[in-house]
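**Q** Got a structure for you, questions after.
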Amino acid sequence: MALATFSEALDFAISREKEAVAFYRDLQRIAKFASQKELMGEFEDMERGHVTLLVGVKSNQEPARLSKSIPSDLHLDDFLVSSPPTEDMTYQDILITAIKRERKSA
66 MALATFSEAL
76 DFAISREKEA
86 VAFYRDLQRI
96 AKFASQKELM
106 GEFEDMERGH
116 VTLLVGVKSN
126 QEPARLSKSI
136 PSDLHLDDFL
146 VSSPPTEDMT
156 YQDILITAIK
166 RERKSA
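Heads up: the sequence shown at position 4 corresponds to 69 in the numbering used here, and the numbers run straight through without jumps.
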C-alpha cells in the first residue's frame with residue numbers, strides 16, 4: 066500500500082490501532098480466566114491510547130513524542146517459564162530455556 070501523504074499514513078495507523086482495540090476486546094470475551102481478561106483489557110487500553118495520540122497528532126493538538134531512552138533490560142524473561150530440556154522441545158522451548166540459562170549466568 067503506497068501512502069501519498071503524512072495524513073494518509075496517520076489514517077492508516079489509526080485504522081490499524083482501532084483494529085487492535087477490537088482484537089483485544091474480542092480476546093477479553095473469549096478469555097477463560099480473570100487474569101487473562103485483565104491483561105487483554107490493559108492491552109486494549111494501551112491501543113486506545115495510541116488511537117488518541119495519533120488522532121491528536123493528525124489534528125495538530127498533540128505533538129508527536131518519541132522516547133529517547135531505551136530501558137537496558139525489559140525483564141521479559143521474568144514472564145517466561147522453562148522446563149527441563151527434552152528431545153521433543155519446540156524452537157520456542159529452546160529459546161526460553163536459553164534465555165533462562167543466560168539470565169542465571171548474569
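From the three backbone atoms N, C-alpha and C, an ideal C-beta is built for every residue, glycine too.
Please classify L141 as buried or exposed, where buried requires at least 16 other C-beta atoms within 10 Å of its C-beta.
**A** Its Cβ having fewer than 16 others within 10 Å, L141 is exposed.
**Q** Output the boundary residues of the alpha helix (DSSP H) element that contains L104.
**A** Start and end: 99–123.
**Q** In angstroms with no decimal places, state the Cα-to-Cα distance between G121 and G114.
**A** Rounded to the nearest angstrom, the two C-alpha atoms are 10 Å apart.
**Q** According to the neighbour-count rule (16 or more other Cβ atoms, all chains shown, within 10 Å of its Cβ), is E109 buried or exposed?
**A** Per the 10 Å Cβ criterion, buried.
**Q** Roughly how many angstroms lie between the CA atoms of A85 and A69, to the nearest whole one?
**A** Roughly 24 Å between the two C-alpha positions.
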